[in-house]
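Numbering (our numbering), first residue to last: 2 to 585.
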């Protein structure tokens, strides 16, 4: 059912290691002791590659990777087991034996790390369907008996959420823009702060992969360009059980000794956070970073992260990097997606941080202090936007998140069906995150305070409301062409004109923020594409209905985004018709 496969260039870490051979590899150390392993703790055993054996006389043998490692751990081992003696064994043999004893337990624990009251694993599709049915019946009754009241309420809520969200985004963008002008720098201009090599923390990078045959070799090459001491860096490439195509591609790429493959075992749940929860037990890093399969991080990114954590206070538990796209030139959709990302990661999110708001984290190029991550119960394995949820949970525990001035380039989704699938997962996750944390609104208010609580409502509930009500809002544009709107029978003309003015103002704000986000030397070519965002935003409304439907039918389904299908594009590539018309 399960296999753990470390891969390296060293013979002692060969990729064809068979876990079933662990008994033989440890035979001269004695028989492994499952109860003693539980006393020691699975995390301690896996992280340090140690395994207590059955007592041999007055002493208990302990399988360890080296005598030096044994001496480091000996005080802790003696406190648990009394007199202990060292038996040096290959790390893969120790790990395989631990997995033979406790594989099922580790797999199950990866699914329930987060406390139940903070997790969405209790989410029930049938219960959600029942609640939705009651709400729809109530709305139908209102439509039948009090249609004007219902129409007026929908209009008021749509206007309130639109204005609130527009003002929040505008304020965040203005804060970011003023700070950038005051400091006179761009997102890629700063250099990593000086930090002595001996003071660099150990970094563990988790890279969840599934069906990534097309991009596996490029991923290995891109991670290989990271500038960081190899003895303080480890990369865990996490594969889902049975993903042999990606595994073969990684083996063909000849992984260096500081990269390894961890297979997430088969289970009822297949999500990115579950895989990361599982793989984290196999890592030693004080800093834990997340990358996606298609990522191309800046070479000095880890050095910047280490320097930023060294400067920050202990309450800064997370650093978020800036995300961009390397294939923005592919088509109109990728161009709009690039504008969308620039708005979010270069203006809105940094502004929210400066304003003291909760920051919904991105799913990649995000780095954590390990102790804080463990304190929270890691990621919610059932949440399909585990990043946004974790940002909210960090804030509730009193931790802060900050931005690191480094960029990772990704692959923008380049087809409408794929974009809708990806965005529907994000919307579904946002809805689940909001619902989980609003189980006890008063407690959430107490944890966050009024200011951040209000920000969460605007950012999560306001965004979700705008997606759902988008068709209703679009209908107001018919009035421009002289078509009577049903709301005119409910509200006075002056109120309708005021609402129309608010809608128009929100459009101006949205376009202005988008233009501001790409007003940089690297992105200014995108400014002319800002008006096309009017064709881009309606896709999110379609995605929202798919996402809300899955809250009932498939709440924990991870709609996978394919990678490696679109090559890196360069802005210097000109359209064919322009090249043909160019003078000889």
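A virtual CB, placed ideally from N, CA and C, is assigned to each residue, including glycine.
The model shown is predicted, which means the values in this text are computed figures rather than measured ones.
Can you name the start and end residues of the alpha helix (DSSP H) that residue i belongs to?
i, result
"residue 303", "302 to 312"
"residue 456", "442 to 457"
"residue 464", "464 to 475"
"residue 352", "350 to 355"
"residue 136", "126 to 146"
"residue 289", "Per DSSP, residue 289 belongs to no alpha helix (DSSP H); it is in the beta strand (DSSP E), 288 to 291."
"residue 337", "333 to 343"
"residue 505", "494 to 518"
"residue 278", "273 to 281"
"residue 490", "That residue, residue 490, is in no alpha helix (DSSP H); it is neither H nor E in DSSP."
"residue 554", "539 to 554"
Of the choices the options, whose alpha-carbon is the least far from that of residue i?
i, options, result
"residue 508", "163, 557, 75 and 100", "163"
"residue 456", "169, 61, 241 and 177", "169"
"residue 269", "113, 410 and 221", "113"
"residue 231", "217, 396, 258 and 211", "258"
"residue 134", "83, 406, 550 and 445", "550"
"residue 55", "343, 444, 82 and 49", "82"
"residue 437", "458, 173 and 111", "458"
"residue 342", "414, 109 and 273", "414"
"residue 281", "107, 527 and 496", "107"
"residue 390", "62, 404, 432 and 209", "432"
"residue 347", "403, 396 and 32", "403"
"residue 518", "35, 95, 158 and 179", "179"
"residue 372", "109, 475, 136 and 289", "289"
"residue 344", "145, 52 and 167", "167"
"residue 420", "560, 315, 330 and 535", "560"
Buried or exposed: where does residue i fall if 16 or more other Cβ atoms within 10 Å of its Cβ makes it buried?
i, result
"residue 197", "exposed"
"residue 123", "exposed"
"residue 380", "buried"
"residue 221", "buried"
"residue 386", "buried"
"residue 384", "buried"
"residue 244", "buried"
"residue 204", "buried"
"residue 216", "buried"
"residue 149", "exposed"
"residue 5", "Below a pLDDT of 50, predicted positions are generally treated as unreliable, and residue 5, at 35, falls in that range; no measurement from the model is reported."
"residue 357", "exposed"
"residue 382", "buried"
"residue 525", "exposed"
"residue 138", "exposed"
"residue 435", "buried"
"residue 236", "buried"
"residue 219", "buried"
"residue 574", "At residue 574, the pLDDT of 42 sits below 50, so the modelled position is not reliable and the matter cannot be decided from this model."
"residue 84", "exposed"
What are the partner residues of residue i, as DSSP defines its beta bridges?
i, result
"residue 238", "208 and 262"
"residue 321", "367 and 404"
"residue 437", "The partner list for residue 437 (beta bridge, DSSP) is empty, contrary to what the question assumes."
"residue 52", "64"
"residue 88", "64"
"residue 33", "54"
"residue 409", "298 and 324"
Alpha carbon to alpha carbon, what distance is there between residue j and residue i?
i, j, result
"residue 69", "residue 118", "42 Å"
"residue 126", "residue 471", "25 Å"
"residue 302", "residue 368", "11 Å"
"residue 326", "residue 393", "26 Å"
"residue 298", "residue 339", "16 Å"
"residue 364", "residue 425", "15 Å"
"residue 141", "residue 102", "56 Å"
"residue 311", "residue 449", "26 Å"
"residue 410", "residue 324", "6 Å"
"residue 422", "residue 542", "12 Å"
"residue 87", "residue 45", "16 Å"
"residue 522", "residue 468", "32 Å"
"residue 335", "residue 512", "17 Å"
"residue 161", "residue 398", "30 Å"
"residue 261", "residue 226", "16 Å"
"residue 485", "residue 317", "54 Å"
"residue 366", "residue 319", "11 Å"
"residue 491", "residue 427", "35 Å"
"residue 478", "residue 546", "22 Å"
"residue 39", "residue 49", "14 Å"
"residue 206", "residue 291", "6 Å"
"residue 199", "residue 430", "40 Å"
"residue 527", "residue 67", "56 Å"
"residue 453", "residue 350", "14 Å"
Considering residue i, what are the terminal residues of the beta strand (DSSP E) in which it resides?
i, result
"residue 61", "61 to 65"
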